[in-house]
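Note that the sequence shown covers residues 2 to 561 in the numbering used here. By construction, the Cβ of each residue, glycine as well, lies at the ideal position given by its N, Cα and C atoms.
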Amino acid sequence: MPPTHLTPAAPDAVTPAEAVAPLVRGITVLRRLTEAGGAQSLSGLEKATGLARSTVDRIAATLARMGYLRLDGRDAVLAPQLMELGNAYLAALELPRLLAARADALADELDESVSLAVADRDGIRFVHQATRRRAMSLSFRIGDLLPAERTAPGPLFATGWTGEDWARWRDRRAADPQDRGFPAVPPREHPAPDEEFEDRTRRADARGWSLDDQLIEPGLVAVSVPVRDLGERIACVASVVSHTSRHTAHSLRDVMLPRLRTTVSAMERDLREAPARPPASPMSPASPAGLATWTGASKQELGREFVESLARGLTVITAFGEGRAELTLTEVARATGLARATARRALITLEHLGHVTSHGRVFTLTPRVLALGFPALSRTTLPQIAGPHLADLADRLHDSASLAVLAGDEVQYTARVATSRIMSVNITVGTRLPAYATSLGRVMLADLGPAERGPLLTGLHALTPHTVTDPGALAAVLDRVREAGYALVDGELEEGLRSVAAPVRDRTGRVVAAVNVAMHSSRRTVEECVRTVVPELTATAGAIEADLRVAGRFTHVAVA
2 MPPTHLTPAA
12 PDAVTPAEAV
22 APLVRGITVL
32 RRLTEAGGAQ
42 SLSGLEKATG
52 LARSTVDRIA
62 ATLARMGYLR
72 LDGRDAVLAP
82 QLMELGNAYL
92 AALELPRLLA
102 ARADALADEL
112 DESVSLAVAD
122 RDGIRFVHQA
132 TRRRAMSLSF
142 RIGDLLPAER
152 TAPGPLFATG
162 WTGEDWARWR
172 DRRAADPQDR
182 GFPAVPPREH
192 PAPDEEFEDR
202 TRRADARGWS
212 LDDQLIEPGL
222 VAVSVPVRDL
232 GERIACVASV
242 VSHTSRHTAH
252 SLRDVMLPRL
262 RTTVSAMERD
272 LREAPARPPA
282 SPMSPASPAG
292 LATWTGASKQ
302 ELGREFVESL
312 ARGLTVITAF
322 GEGRAELTLT
332 EVARATGLAR
342 ATARRALITL
352 EHLGHVTSHG
362 RVFTLTPRVL
372 ALGFPALSRT
382 TLPQIAGPHL
392 ADLADRLHDS
402 ASLAVLAGDE
412 VQYTARVATS
422 RIMSVNITVG
432 TRLPAYATSL
442 GRVMLADLGP
452 AERGPLLTGL
462 HALTPHTVTD
472 PGALAAVLDR
482 VREAGYALVD
492 GELEEGLRSV
502 AAPVRDRTGR
512 VVAAVNVAMH
522 SSRRTVEECV
532 RTVVPELTAT
542 AGAIEADLRV
552 AGRFTHVAVA
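Following this line, the structure appears as structure tokens:
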């Protein structure tokens, strides 16, 4: 089996004596889970990593405690909270914040996929994707690593390679000729000679752009242009990607290259004109407050199953971020609350693994941080985020729990966990119900302004004798729902059906979905619902929102 390209240390690199072994092992587990698509059995992790099962179990317990994975039976599943590691790199990089809107606008204009990529040694890694939704669509994700020679951005980055870089590239090619160390691309059956990429690099240097004519797989074509920073270095590469059913490589170049160049010029102007951001205060922790207290409490509760050095080492990554692209050892220690010696050992370990690089006294994150779960989680949907939280809620309350979105004047169920009761609410994912008569619909309607809400409150008809159908009365109900933060509907959709719902808000505060608990009216009185169900429901909505804030910081989270 060829060596995995995600292993950053050179084959002959010696592990520093001060490296934190549990941190090395924990990152190995996260990489293997990422390569496996985000989920793998604990026994599978044992085989894939070569670690003892007891070690895998302790690492999994620690990562679960951090919210970075969940244990689903015998499987370990990456959780959205893990994306805070990749978010730290992307925030520190600042390119997605500054350039993503330009890339998205170009994708809309061209009706083609547009990506931004950065160099990761002799590979490229995506930091932004604006993908078109088609039956024949592209599957690359933010954080995916591709071999430079099989991409359009690769030759552009290679124009700046040193002799050492080229030697490392040739060594990697010789050790892994089929690119099996790059899970994001299909293996090569017939590797191209080294001279072919060298020639493409010379042409890219002369032209200032590069083509990918079905190098990754048959049918995929791309054209790329470098985006240069103030020092004329390549900050990233912007690409337009299509399929041969729409463009040949040459027609893509002829039609799309001029518009891509126009967008790149605007991107470079944005980089030049971006106001300098003052460094964030290192006294403002990027990590959870009271790290030492939290790890101590976790250690006391879980005993030897909790690996403190792993938790602290990963927290060092979250010290970086927007306004904190470069940090000294002292600043990392202050931001995390760790002792300098502890922070130093973590940084030494992360640098050995390729997730951190140092220049003099300052440290920066590398694109390799995105290898820690980001690709597998970057297309997580809201129903997937909500699923485990709904299951916990249903388990606590012993009633069915659901997630729904607003679809016109109806609610559409997108996730649901039913109970095993003989008499329970029988609704399946995909079901649509009138929004005005449901608790789910009311918390979402309550977030709309009068102009948006008005047309949805006309032509209402009674579903039971209790259904509110008068537009004015319903508007007053919605105002009370907005103020209270929850909705309770009693017998308005169906006699005997009582339900309570709470809103789910995105990073901007906008209500994008709702969660509810539904039951027969004999289960609980209205007062009991307010006293016992509402707090559990709002806590669940808050947990979903917390995951959504992390997952949606640099990716688009589909709500359905």
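Exercise. Using CA coordinates, which residue listed in Leu-371, Val-444 and Ala-372 is at the minimum distance from Leu-404?
Worked result: Val-444
Exercise. Would the beta-carbon of Arg-33 fall within 8 angstroms of that of Thr-56?
Worked result: no
For this session: Can you give me the Cβ contacts of Leu-475 inside the same chain, cut-off strictly under 8 angstroms, excluding the 5 residues immediately before and after it?
Result: Tyr-437, Leu-458, Leu-461 and Val-469
Exercise. Near Ala-561, which residues of its chain fall below 6 angstroms by C-beta distance, leaving aside the five closest residues on each side in sequence?
Worked result: Val-406 and Thr-415
Exercise. Is the shortest distance between the beta-carbon of Gly-553 and the beta-carbons of chain E less than 8 angstroms?
Worked result: Although the question refers to chain E, the structure presented lacks it and comprises just one protein chain.
Exercise. What is the rounded straight-line gap between the Cα of Val-513 and the Cα of Gly-455?
Worked result: Roughly 19 angstroms separates the two Cα atoms.
Exercise. In this structure, what does DSSP give as the bridge partners for Gly-124?
Worked result: In the DSSP output, where bridge partners are listed per residue, Gly-124 has Asp-121 and Pro-148.
Exercise. So which of Pro-192, Lys-300, Ala-372 and Leu-339 has the shortest CA-CA distance to Gly-355?
Worked result: Ala-372
For this session: For Glu-218, collect the residues of the same chain with a Cβ closer than 6 angstroms to its Cβ; drop the 5 residues on either side in sequence, then sort them by chain order.
Result: Answer for Glu-218: Pro-187, listed in chain order.
For this session: Put Leu-354 into one of helix, strand or coil per three-state DSSP.
Result: helix
For this session: Return the CA-CA distance between Pro-472 and Arg-532, expressed in angstroms with no decimal places.
Result: Using only the alpha carbons, I get a separation of about 29 angstroms.
Exercise. What residue range is occupied by the uninterrupted alpha helix (DSSP H) comprising Ile-545?
Worked result: Element bounds for Ile-545: 535-552.
Problem set entry | Assigned exposure category for Arg-335 - 16 Cβ within 10 Å defines buried | That one is buried.
For this session: Identify whether Gly-455 lies in helix, strand or coil by the three-state DSSP scheme.
Result: helix
For this session: Starting from Phe-364, follow the beta strand (DSSP E) in both directions and report where the run begins and ends.
Result: 363-366
For this session: May I ask you to report which of helix, strand or coil DSSP gives Pro-188?
Result: coil
For this session: Report the three-state DSSP secondary structure of Pro-17 (helix, strand or coil).
Result: coil
Exercise. Between Glu-19 and the rest of its own chain, which residues show a CB-CB distance below 7 angstroms, the 5 nearest in sequence each way excluded?
Worked result: Answer for Glu-19: Arg-346 and Ile-349, listed in chain order.
Problem set entry | Nearest-angstrom Cα separation, counted from Ile-428 out to Ile-143 | Their Cα atoms are separated by approximately 35 angstroms.
Exercise. Taking buried to mean at least 16 other C-beta atoms within 10 Å of its own C-beta, is Ser-299 buried or exposed?
Worked result: Label assigned to Ser-299: buried.
Problem set entry | Inter-residue Cα distance where the pair is Phe-198 and Ser-401 | If I take the Cα positions, the gap works out to 57 angstroms.
Problem set entry | Nearest candidate by alpha-carbon position, reference Asp-271, set Pro-97, Met-67 and Ala-485 | Pro-97
Problem set entry | Alpha carbon of Thr-420 to alpha carbon of Gly-155, nearest angstrom | 52 angstroms
For this session: Taking Thr-365 as the reference, give the member of His-399, His-353 and Phe-321 with the closest Cα.
Result: Phe-321
Exercise. Which whole runs of the alpha helix (DSSP H) in the stretch 37-114 are 4 residues long or more, in chain order?
Worked result: 43-50, 54-66, 84-94 and 96-111
Exercise. What residue from Arg-511, Ala-61, Thr-202 and Glu-537 has the CA that sits closest to Ser-42's CA?
Worked result: Ala-61
Exercise. If you draw a straight line from the alpha carbon of Arg-369 to that of Pro-504, how long is it in whole angstroms?
Worked result: 36 angstroms
For this session: Pick out whichever of Val-558, Gln-82 and Thr-16 has its Cα sitting closest to the Cα of Leu-31.
Result: Gln-82
Problem set entry | Candidates Gly-304, Leu-79 and Ala-53, of which the one nearest Ala-65 by Cα | Leu-79
Exercise. Could you give the distance in angstroms between the alpha-carbon of Ala-92 and the alpha-carbon of Glu-323?
Worked result: The alpha-carbon atoms of Ala-92 and Glu-323 are separated by roughly 5 angstroms.
Exercise. How would you label Ala-287, buried or exposed, when you count the other beta carbons within 10 angstroms and need 16 or more for buried?
Worked result: Interpretation of Ala-287 is limited by its pLDDT of 42, a score under 50 that renders its predicted location unreliable; no figure is taken from the coordinates.
For this session: Report all residues from its chain with a CB closer than 7 angstroms to the CB of Thr-556; omit the five preceding and five following residues, and keep chain order.
Result: Correct list, in chain order: Ile-143 and Ser-379.
Exercise. Which two residues bound the contiguous beta strand (DSSP E) that contains Val-516?
Worked result: 512-521
Exercise. Quick one: what's Ser-467 bridged to in DSSP?
Worked result: Going by the sequence as given, residue 467 is His instead of Ser. Paired residue(s): none; His-467 is not in a bridge.
For this session: Hey, could you find the ends of the beta strand (DSSP E) Val-490 is sitting in?
Result: 488-491
For this session: Please determine, among Thr-526, Glu-495 and Val-534, the residue with the shortest C-alpha to C-alpha distance to Val-501.
Result: Val-534
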